[in-house]
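Numbering (full-length UniProt numbering), first residue to last: 1 to 150. Cβ atoms here follow ideal geometry from the backbone N, Cα and C, with glycine treated the same way. Computed from a predicted model, the values in this text were never measured in an experiment. In what follows, a structure is listed as structure tokens, so that the remarks can point back to it.
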């Protein structure tokens, strides 16, 4: 969620709207397969007050992905569950990295502003500026000899 208030009637890809029969049709799977995936924790749709399953567009896409991994790649359901968990973890970590990068950018901007304020507050009249001229003259310093007392 991005912090803004959303319209409760706005449909997003995460809005649970499809009953199991429609989700099965859209994903090309049997409703019993969807129930099995739900029991195994592969695709867990939202539930209505009466405990009926409601699938979102994101759930439908995940069902298709599970089917593709199972049929085309030959990965067993336990492996698919682990892949989904790792993909969710990667997505969460990427979101956290983006959040930290935004915080870092904000801190860097604030630091630049504070630095500019400090530089602007310098009293330039207290620090005379003199142009240093480059010269090739060599100055040799020799300590004075002490006179010996008798």
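| Asked | Found |
| --- | --- |
| Three-way DSSP call (helix, strand, coil) for residue 142 in this model | coil |
| Residue 64 - DSSP class collapsed to helix/strand/coil | helix |
| Cβ shell of residue 30 (< 8 Å), same chain only, five flanking positions each side left out | 24 |
| The region 81-90 contacting the region 100-108, beta-carbon criterion three pairs below 8 Å | no |
| Pairwise C-alpha distance: residue 130 and residue 1 | Confidence at residue 1 is low in this model, with a pLDDT of 47, below 50, so its placement is unreliable and the value that follows should be read with caution. C-alpha separation (whole angstroms): 58 Å. |
| The region 102-111 contacting the region 67-85, beta-carbon criterion three pairs below 8 Å | no |
| Close-in-space but distant-in-sequence residues of the same chain around residue 13 (CB under 6 Å, 5 per side omitted) | 57 and 58 |
| Contact under 8 Å by Cβ, residue 37 with residue 66 | yes |
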